[in-house]
Amino acid sequence: MLQEKILSFDNLLNEVINQNLCNRCGGCVSFCSANGIDALKIGKDGYPEYADKDKCLEDGICYLICPKTIELEEEIKDKHNWKYPIGNWEDIFSARSTDVEVRTAATDGGVVSSLLLYMLENNFIDGAIVSKRTETCGRIPMIAKNRTELLNAAGSFWAEATHLDELGNVYSSCFPVIKVIKDSAEKDMKRLALVGTPCQIKAIRKMQAMNIVPSHLIVFTIGLFCMQCFTLDDLMKQNFAKKHNIKIEDIEKVNIKDKLILHMKSGLIIYIPLEEIEQIAHDACLACSDFANDYADISAGGLGSEDGYTSIIVRNSIGKQIYSEALYKGYVQNHVETICNSKDKDNKLINIIKDFAIKKKIRTEQKINSAGK
Ligand SMILES: Cc1cc2nc3c(=O)[nH]c(=O)nc-3n(C[C@H](O)[C@H](O)[C@H](O)COP(=O)(O)OP(=O)(O)OC[C@H]3O[C@@H](n4cnc5c(N)ncnc54)[C@H](O)[C@@H]3O)c2cc1C
Ligand code: SF4
Ligand code: SF4
Numbered sequence: 006m007l008q009e010k011i012l013s014f015d016n017l018l019n020e021v022i023n024q025n026l027c028n029r030c031g032g033c034v035s036f037c038s039a040n041g042i043d044a045l046k047i048g049k050d051g052y053p054e055y056a057d058k059d060k061c062l063e064d065g066i067c068y069l070i071c072p073k074t075i076e077l078e079e080e081i082k083d084k085h086n087w088k089y090p091i092g093n094w095e096d097i098f099s100a101r102s103t104d105v106e107v108r109t110a111a112t113d114g115g116v117v118s119s120l121l122l123y124m125l126e127n128n129f130i131d132g133a134i135v136s137k138r139t140e141t142c143g144r145i146p147m148i149a150k151n152r153t154e155l156l157n158a159a160g161s162f163w164a165e166a167t168h169l170d171e172l173g174n175v176y177s178s179c180f181p182v183i184k185v186i187k188d189s190a191e192k193d194m195k196r197l198a199l200v201g202t203p204c205q206i207k208a209i210r211k212m213q214a215m216n217i218v219p220s221h222l223i224v225f226t227i228g229l230f231c232m233q234c235f236t237l238d239d240l241m242k243q244n245f246a247k248k249h250n251i252k253i254e255d256i257e258k259v260n261i262k263d264k265l266i267l268h269m270k271s272g273l274i275i276y277i278p279l280e281e282i283e284q285i286a287h288d289a290c291l292a293c294s295d296f297a298n299d300y301a302d303i304s305a306g307g308l309g310s311e312d313g314y315t316s317i318i319v320r321n322s323i324g325k326q327i328y329s330e331a332l333y334k335g336y337v338q339n340h341v342e343t344i345c346n347s348k349d350k351d352n353k354l355i356n357i358i359k360d361f362a363i364k365k366k367i368r369t370e371q372k373i374n375s376a377g378k
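So for the sequence shown, our numbering puts the first residue at 6; every next one is plus one.
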């Protein structure tokens, strides 16, 4: 009888990382370090690599939880009641934070930061995994425990952040006792919210489907819409700076809706069609078909909302509970014209989002088909 092939990190290397399909979510490393196996680490370039191959248990869990493998796909679809083309949804709103300071720091309406603030201040979570901007337009994942830390992380810059690795590092205490003592400063944090792109949320959902540490600490997920990821450096290399006569350091804020929007310090706003930036999308993004963050509790993006507002998709009962409490307690306010629930099939906002989700799926199919030729 043929023995079933045991999968290991070698398979991830061959099928995902070496094929440029890894989006550096850090999920595989997070599992490995949180469980004290420590066979993997994040390398200098942000990609996972062996820390010590001899420690690898070859249990294949890193392979199963990677958002770029098809493993567990059907399980999470079932669990989250997935429907074409944007997953399950209950309500959709265009909304903004009521807090002017949050709105000023935010990418769109600051709803993501205000929902996190509501959860922190009302003891629903002990911390939120977010990512703060660095000087060089990158991001560093961090656990925000208060308003100041949340404000530092608000707003978007276009680089991936290895959130799930942060979770693994901080919560490696969950398994080996010695590390619990070492990480005592963090050990009372048992309930976390996670903000992430669809690939990051999918990795955590796969971990949760298998009940593996440290995913049990994530009690709420806010998923950002995502057409693709790229760095501003990549953008500048595309003769873009020359064409628009700008410098990267003059960019004050980056946003993406149906176009990429650059707000310059001078007040100038530059709109770039998404087709123009597709050439600099990572291969991993071109093979990714989730736009609306289908498995989050609440999804958020700028698409379809007027400037200064966030489009919010509430997907399940926990999402409904948090959103309605934050609304009731005055953390967020809805834009009156776009309130809609899942019974309204013809709402303009949901249709715009569905159209984009379908566009992304078609792009992915084309990419996969052309790679197979
Ligand atoms: C890589 C990326 C691609 C996106 N693509 C689209 C798109 O195509 N269309 C669209 O409508 N919206 C897109 N968004 C979402 C949009 O930019 C806003 O983040 C969203 O509308 C929430 O706005 P807000 O003002 O409510 O959030 P804020 O209150 O500003 O909070 C934003 C939160 O996102 C976190 N964050 C920022 N960057 C990252 C990152 N790289 N990885 C993980 N977390 C991060 C911050 O730490 C913060 O907690 C994208 C966001 C990102 C990060
Ligand atoms: S789990 Fe994330 S970091 Fe690890 S190989 Fe897959 S995409 Fe890359
Ligand atoms: S396009 Fe997909 S792979 Fe790329 S950052 Fe967004 S969710 Fe991740």
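Beta carbons are placed, not taken as given, at the ideal position from N, Cα and C, and that holds for glycine. These numbers come from a predicted model, not from an experiment.
Note on geometry: alpha-carbon atoms of Lys366 and Ile318 lie some 19 Å from one another. DSSP lists Ser136 as the beta-bridge partner residues of Pro146. Counting along the chain, no beta strand (DSSP E) covers Ser271, and no H or E run does either.
Taking all protein chains in view, the Cβ of Asp302 is crowded by 16 or more other Cβ atoms within 10 Å, so the residue is classified as buried.
At a Cβ-Cβ threshold of 8 Å, Asn28 and Cys345 do not count as neighbours. CA-CA distance, Ala198 to Ile223, rounds to 6 Å.
Take Tyr123, set aside five residues on each side of it, and the residues of its chain with a beta-carbon closer than 6 Å to its own are Ala331 and Tyr336, in chain order.
Residues close to ligand 2 by the beta carbon criterion (under 6 Å to any non-hydrogen atom) are, from first to last along the chain, Leu17, Val21, Ile22, Cys27, Asn28, Arg29, Cys30, Gly31, Gly32, Cys33, Pro53, Cys71, Pro72, Lys73 and Ala208. Unbroken beta strand (DSSP E) runs of no fewer than 3 residues, entirely contained in the region 311-348, are found at 315-319 and 337-339, following chain order. Here Ser118 is buried, its C-beta having at least 16 other C-beta atoms within 10 Å. Judged by DSSP in its simplified three-state form, Ala100 adopts strand.
DSSP, reduced to helix, strand and coil, places Ser38 within a helical segment of the structure shown. Under the criterion of beta carbons closer than 8 Å, Tyr300 and Ile206 qualify as touching, at roughly 5 Å. Taking a cut-off of 5 Å from the heavy atoms of ligand 3, the residues with a C-beta inside it are Asn28, Thr202, Pro203, Cys204, Cys231, Gln233, Cys234, Ala289, Cys290 and Cys293. Checking the DSSP bridge columns, you'll see Lys364 has no partner listed.
Between Phe235 and Leu308 the beta-carbon gap is near 17 Å, outside 8 Å, which marks them as no contact.
Around the beta-carbon of Asn23, fewer than 16 other beta-carbon atoms lie within 10 Å, marking it exposed. Ile303 has its Cβ no nearer than 7 Å to any heavy atom of ligand 1. The continuous stretches of alpha helix (DSSP H) do not include Asn260, which lies in the beta strand (DSSP E) extending over residues Ile256 to Ile261.
One thing to note: Ala56 has its Cβ within 8 Å of the Cβ of Lys46. According to DSSP, Thr226 shares a beta bridge with Leu199. A direct Cα-Cα distance of roughly 32 Å separates Thr109 from Asp349. If the five residues before and after Pro278 are omitted, its C-beta is found closer than 7 Å to the C-beta atoms of Lys264, all from its own chain and listed in chain order.
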